[in-house]
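Report on the structure given below.
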Amino acid sequence: MTNKNSVKPSKKQGPIRFEALIPLTIIISVFYIYSALFFDLHLKKALEWGGYHVMGAEVNIQDLSTSFFKGSLRIQNIEVTNSQKPTHNSIVLGDIRFKVLWDGLLRARFIVDEVAVDGVQIDTPRKQAGRVKPPSPPSPNDDALTKALAQSQAKALGMISTENPDNVLGGLSRILGGQASEQEIIQQIQSSLTTEKRTQEVEAFIKQKQTEWEARMASLPKAQDFEKIQKDVEQIQSQNFKSIEEVQRSVTQFNKALNELDQKLKQIDQAGKDLQADSQRLDREVRSIESALKSDLARLGNFFSTPAIDFNSILDSILRGYMAPYLAKIGYYRNMAQDYMPPNLGKKGEPDAVQIAMQPRPRADGVTYEFGRPGSYPLFWVKKVQVSSKANANLGLGDLQGQILDITSNQALINKATQINFKGDFPAQELMGIAFSGVFDNRKKESFIRYEFGIHQFGMGEKVLIQSPDAGVKMLPSSASIVSTGELTNFKDLQLTFKQQLANVSYSVTSPNDQAQESLNNIFSGIKDFAFTANISGQLPSIMIKFDTDFGRILGERFSREIGRVFQKHKAAAEAQIRTQLNQEKAKIDAQVKAFETQVKAQFATIQKQAESEKKKIEAQKLAAENQVNQQKQQAEQEARQKVEAERKKAEIEAKKKAEQELKKLFGR
Amino acid sequence: MTLLLKQLFRFFQLLNSDTATNSLAWGLALGCVLGFSPFLSLQTFLVLFICIAFRVQLGAAFLSAFFFKVVAFIVDPVADWVGQQVLEAEALRSMFVVLYNMPILPLTRFNNSVVMGSGVIGFIFAIPLFFVFKSFIQKYRQTVLARFRDSKFWKMWTTTTFYKWYSKYQELYG
Numbered sequence: 000m001t002n003k004n005s006v007k008p009s010k011k012q013g014p015i016r017f018e019a020l021i022p023l024t025i026i027i028s029v030f031y032i033y034s035a036l037f038f039d040l041h042l043k044k045a046l047e048w049g050g051y052h053v054m055g056a057e058v059n060i061q062d063l064s065t066s067f068f069k070g071s072l073r074i075q076n077i078e079v080t081n082s083q084k085p086t087h088n089s090i091v092l093g094d095i096r097f098k099v100l101w102d103g104l105l106r107a108r109f110i111v112d113e114v115a116v117d118g119v120q121i122d123t124p125r126k127q128a129g130r131v132k133p134p135s136p137p138s139p140n141d142d143a144l145t146k147a148l149a150q151s152q153a154k155a156l157g158m159i160s161t162e163n164p165d166n167v168l169g170g171l172s173r174i175l176g177g178q179a180s181e182q183e184i185i186q187q188i189q190s191s192l193t194t195e196k197r198t199q200e201v202e203a204f205i206k207q208k209q210t211e212w213e214a215r216m217a218s219l220p221k222a223q224d225f226e227k228i229q230k231d232v233e234q235i236q237s238q239n240f241k242s243i244e245e246v247q248r249s250v251t252q253f254n255k256a257l258n259e260l261d262q263k264l265k266q267i268d269q270a271g272k273d274l275q276a277d278s279q280r281l282d283r284e285v286r287s288i289e290s291a292l293k294s295d296l297a298r299l300g301n302f303f304s305t306p307a308i309d310f311n312s313i314l315d316s317i318l319r320g321y322m323a324p325y326l327a328k329i330g331y332y333r334n335m336a337q338d339y340m341p342p343n344l345g346k347k348g349e350p351d352a353v354q355i356a357m358q359p360r361p362r363a364d365g366v367t368y369e370f371g372r373p374g375s376y377p378l379f380w381v382k383k384v385q386v387s388s389k390a391n392a393n394l395g396l397g398d399l400q401g402q403i404l405d406i407t408s409n410q411a412l413i414n415k416a417t418q419i420n421f422k423g424d425f426p427a428q429e430l431m432g433i434a435f436s437g438v439f440d441n442r443k444k445e446s447f448i449r450y451e452f453g454i455h456q457f458g459m460g461e462k463v464l465i466q467s468p469d470a471g472v473k474m475l476p477s478s479a480s481i482v483s484t485g486e487l488t489n490f491k492d493l494q495l496t497f498k499q500q501l502a503n504v505s506y507s508v509t510s511p512n513d514q515a516q517e518s519l520n521n522i523f524s525g526i527k528d529f530a531f532t533a534n535i536s537g538q539l540p541s542i543m544i545k546f547d548t549d550f551g552r553i554l555g556e557r558f559s560r561e562i563g564r565v566f567q568k569h570k571a572a573a574e575a576q577i578r579t580q581l582n583q584e585k586a587k588i589d590a591q592v593k594a595f596e597t598q599v600k601a602q603f604a605t606i607q608k609q610a611e612s613e614k615k616k617i618e619a620q621k622l623a624a625e626n627q628v629n630q631q632k633q634q635a636e637q638e639a640r641q642k643v644e645a646e647r648k649k650a651e652i653e654a655k656k657k658a659e660q661e662l663k664k665l666f667g668r
Numbered sequence: 000m001t002l003l004l005k006q007l008f009r010f011f012q013l014l015n016s017d018t019a020t021n022s023l024a025w026g027l028a029l030g031c032v033l034g035f036s037p038f039l040s041l042q043t044f045l046v047l048f049i050c051i052a053f054r055v056q057l058g059a060a061f062l063s064a065f066f067f068k069v070v071a072f073i074v075d076p077v078a079d080w081v082g083q084q085v086l087e088a089e090a091l092r093s094m095f096v097v098l099y100n101m102p103i104l105p106l107t108r109f110n111n112s113v114v115m116g117s118g119v120i121g122f123i124f125a126i127p128l129f130f131v132f133k134s135f136i137q138k139y140r141q142t143v144l145a146r147f148r149d150s151k152f153w154k155m156w157t158t159t160t161f162y163k164w165y166s167k168y169q170e171l172y173g
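Protein sequences, first through last, are from chains G and A. So that you can map any letter, position 319 of the first sequence is 318 in numbering that gives the first Met the number 0, and since no number is skipped, the others follow by simple counting. So that you can map any letter, position 132 of the second sequence is 131 in numbering that gives the first Met the number 0, and since no number is skipped, the others follow by simple counting.
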């Protein structure tokens with residue numbers, strides 16, 4: 000019988016907990032089942048999520064399979080949505096497969112000997128539009144470049160610059176169409192012509208002089224004045240003088256009359272001189288009209304001179320708009336590169352020494368050291384990524400061969416720079432001769448990223464150049480090539496060149512005006528081959544962008560030539576019209592001047608003649624009076640002489656008598 | 000969670016019994032190592048394996064790990080300093096280079112200063128802590144537990160129906 004109260008004897012347990020085997024087995028089984036059934040799916044979702052946040056656009060993966068024991072991963076059909084065109088993929092990778100070395104994994108390193116990438120496609124249509132991550136607003140901590148590029152991207156997306164080239168080119172089209180007629184041009188010009196102003200001034204001057212001379216002529220001595228003088232002179236006694244006083248009086252009166260006449264003659268002389276001077280001035284004024292006419296006609300040529308059209312500045316503003324999203328991308332990928340690319344672990348201060356130094360890499364949670372040695376594994380190293388794809392135009396597959404060598408977290412440890420080389424064609428997208436080579440070297444003190452990229456031939460779609468009510472010009476689909484090189488040193492000094500060469504370009508020109516259409520056709524038909532170049536250089540974030548294109552120069556030259564031809568036509572007509580107009584006005588002035596001179600000179604001549612004749616008369620009378628006076632004077636003198644002689648003789652006789660008397664007295668007899 | 004709670008109850012049960020002193024002490028000491036180690040590291044899995052495979056009281060280990068995790072968080076700057084001194088020691092550099100390039104060992108993340116410093120502190124204190132905890136347990140049983148069992152409350156408690164059911168349950172199912 001069992002004792003109810005008996006205690007079960009406790010079994011002595013050994014040090015090893017064997018009963019834990021079952022739960023441990025269960026746990027391991029759970030992990031195994033998870034990795035077999037769910038791990039691949041969850042990894043695929045994680046990669047799609049991570050890809051979306053890194054690329055900024057939806058990433059889809061068709062299939063992902065892993066093998067823990069083999070350390071392999073295979074991803075099939077990765078589609079990366081084009082953020083600019085969500086209905087298409089920017090790139091599709093048909094198959095990516097690689098194996099991770101267990102040797103590295105056991106050392107907590109991720110080492111891959113070779114990654115194979117097959118079936119590369121670009122710009123393929125998606126089944127449905129992919130999600131695109133909205134751009135994040137610039138945070139206060141963003142550097143100046145990120146902010147500026149974010150702003151310029153927002154501004155430039157889908158917009159041309161504020162300097163709307165359509166206005167300028169539309170205006171030029173109007174000119175080519177002859178819509179700016181000669182009349183309009185002349186009206187525009189007229190306000191700036193000096194001949195017309197000069198003519199008006201001269202006309203005013205003539206009128207002024209006419210008024211002056213009319214008044215002056217009225218103030219000049221008239222015939223009545225001379226008749227009065229003549230009457231006064233006739234009143235003067237000119238003969239039968241009884242005394243010398245009468246003679247004197249007559250002479251004085253004659254002189255007075257003559258003085259008065261002289262005064263009037265002086266007045267007339269002065270008026271004559273002034274008339275001469277004014278006549279000469281009028282001549283000069285008329286000649287000045289002629290020289291103004293000549294200078295205006297010369298300037299007319301300048302008015303119609305071909306404008307220097309700076310197409311480069313217009314294209315600069317267009318191209319900046321196009322380039323801004325790409326610059327924003329440069330800034331975005333530069334920031335990403337700085338975050339994700341392997342650090343420069345070489346010793347500072349010794350640019351050429353590549354030492355595998357124990358460099359602390361500061362982290363938020365402690366400091367992690369890498370105790371590398373030459374030949375050992377870095378933390379992450381993909382030795383080779385081999386890309387190959389065979390062209391199949393129906394499937395959009397390209398013919399691509401390339402490789403990426405030595406993607407690693409520690410270039411100094413393996414002493415190899417990361418290199419990228421690709422060559423290929425994508426016939427479905429009309430991309431032929433794609434070549435890309437790049438190097439990223441972070442071993443030395445100055446890290447650099449260098450690349451060369453070129454596409455030998457690709458199709459350029461239709462591009463609208465001018466879209467205005469007056470003209471429409473489109474660049475029709477053509478082929479082009481691109482060459483680009485770049486270098487980024489120390490993640491700061493940037494040098495980028497970009498050259499796009501277009502060949503055999505044709506255009507579609509439309510205009511409501513036939514003449515403008517013909518002119519535009521003439522202009523654009525000659526621009527078949529040209530190139531766009533862009534040079535970006537400087538220290539991030541302050542970079543300089545310089546655009547250059549011979550498209551602008553050739554376009555400017557052809558536009559100028561065509562406009563010059565149109566302008567010359569307008570110029571000849573305008574010149575003739577203006578010359579006729581101005582000549583008519585000059586003739587009018589000449590007639591006025593002639594009439595003025597004729598009238599005034601005639602009047603003046605009459606007055607002068609009259610004054611001269613009066614003067615002669617008076618002088619003759621004066622002469623007669625003077626002769627009379629002289630005659631009488633001579634007579635009086637003679638009489639006086641005779642009288643004096645008689646007196647002398649009488650005095651002599653008396654003196655003789657007296658002397659004889661004296662002698663008689665003396666000698667007493 | 001059930002497992003964890005069960006282990007914690009078992010810890011208190013064993014603590015208040017006369018047995019498993021070493022198991023409890025090892026659990027508390029290894030818990031110190033767990034507390035000072037990173038959550039996802041090789042040494043954590045190694046210590047857990049030891050706790051599971053050998054009769055180390057898991058409840059004590061988890062309780063101790065929780066406590067020392069807080070302590071490790073507080074002394075992280077000290078651990079960082081200790082780790083940097085150890086990792087930057089020139090005399091040990093060649094050894095570290097070998098260890099870093101060996102298989103398995105890099106999974107311990109010993110090349111991180113906080114991990115190294117915490118590990119050094121944890122492993123240094125683990126052995127003495129075993130003896131300390133062992134003597135604490137013995138002292139606890141001799142003094143606190145004995146006094147509690149002599150108290151009127153305990154005597155009254157043991158007469159309750161609930162305690163009788165509990166004792167029966169322990170007898171039958173252990």
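All residues carry an ideal CB built from backbone N, CA and C; glycine is no exception. Bear in mind the structure is a predicted one, so any value in this text is a computation, not a measurement.
Along the chain, where does the alpha helix (DSSP H) containing residue i start, and where does it finish?
i	result
Met115 (chain A)	Ser112 to Tyr139
Thr174 (chain A)	Not covered by the structure: residue 174 (chain A). The range shown for chain A is 0 to 173.
Arg215 (chain G)	Thr193 to Ser218
Glu706 (chain G)	No information on residue 706 (chain G) is available, as it lies outside the stretch 0 to 668 that chain G covers here.
Can you list the residues of chain G that residue i reaches, using a CB-CB cut of under 7 Å?
i	result
Gly82 (chain A)	Gly365
Output needed for residue i: all residues of its chain with C-beta closer than 7 Å, excluding positions within five of it in sequence on either side, in chain order.
i	result
Asp39 (chain G)	Leu63, Ser64 and Thr65
Lys68 (chain A)	Gly34
List, in chain order, every chain A residue whose beta-carbon is nearer than 8 Å to that of residue i.
i	result
Phe370 (chain G)	Arg92, Phe95, Val96, Leu98, Tyr99, Asn100 and Asn110
If distances are taken between C-alpha atoms only, which option among the options comes closest to residue i?
i	options	result
Glu284 (chain G)	G:Ile205, G:Gln275, G:Asp261 and G:Lys241	G:Ile205
Ser218 (chain G)	G:Ala270, G:Ala115, G:Lys196 and G:Leu464	G:Ala270
Phe457 (chain G)	G:Asp440, G:Ile465 and G:Ser480	G:Ser480
Asn520 (chain G)	G:Asn534, G:Gln494, G:Phe558 and G:Asn414	G:Phe558
Phe48 (chain A)	A:Val114, A:Gly30 and A:Gln137	A:Gly30
Asn503 (chain G)	G:Phe550, G:Ile465, G:Ile542 and G:Leu487	G:Phe550
Gln494 (chain G)	G:Glu486, G:Thr597 and G:Arg130	G:Glu486
Ile588 (chain G)	G:Ile15, G:Thr198 and G:Ala35	G:Thr198
At which residues does the beta strand (DSSP E) containing residue i begin and terminate?
i	result
Met474 (chain G)	Gly471 to Met474
Ala530 (chain G)	Phe529 to Gln538
Asp398 (chain G)	Asp398 to Thr407
Ala128 (chain G)	Taken as a continuous stretch (DSSP letters only), Ala128 (chain G) belongs to no beta strand (DSSP E), as it is neither H nor E.
Tell me whether residue i sits in a helix, a strand or coil according to DSSP, three-state version.
i	result
Val717 (chain G)	Absent from the structure is residue 717 (chain G), since the part of chain G shown begins at 0 and ends at 668.
Ser150 (chain A)	coil
Thr159 (chain A)	coil
Ala639 (chain G)	helix
Gln56 (chain A)	coil
Met0 (chain A)	coil
Leu378 (chain G)	coil
What residues from chain G crowd round residue i, counting only those whose CB sits closer than 8 Å?
i	result
Phe53 (chain A)	Pro14, Ile15 and Arg16
Val114 (chain A)	Gly365
For residue i, which residues in the same chain have their Cβ closer than 6 Å to its Cβ, ignoring the five residues on either side in sequence?
i	result
Val232 (chain G)	Ala256, Ile617 and Gln620
Arg362 (chain G)	Only weak support exists for where Arg362 (chain G) lies, its pLDDT of 38 falling under 50; the coordinates are left without a value.
Asp528 (chain G)	Ala502
For residue i, which residues in chain A fall below 9 Å Cβ to Cβ?
i	result
Arg106 (chain G)	Tyr99, Asn100, Met101, Pro102, Ile103, Leu104, Pro105 and Leu106
Ala35 (chain G)	Ordered by position in chain A, no residue passes the 9 Å Cβ test against Ala35 (chain G), which lies about 21 Å from the chain.
Ser375 (chain G)	Val96, Tyr99 and Asn100
With a threshold of 8 Å on Cβ separation, who are the neighbours of residue i within its own chain once the five nearest residues in sequence on each side are excluded?
i	result
His52 (chain G)	Lys132
Ser22 (chain A)	Leu13, Arg54, Val55, Gln56 and Ala59
Tyr162 (chain A)	Trp156
Determine the chain D residues that contact residue i at a beta-carbon separation under 8 Å, and present them in chain order.
i	result
Leu23 (chain G)	Going by chain labels, chain D is absent from the structure shown, which instead holds the protein chains G and A.
Quick one: list the residues of chain A neighbouring residue i, beta-carbon separation under 7 Å, in chain order.
i	result
Ala19 (chain G)	Ile51 and Ala52
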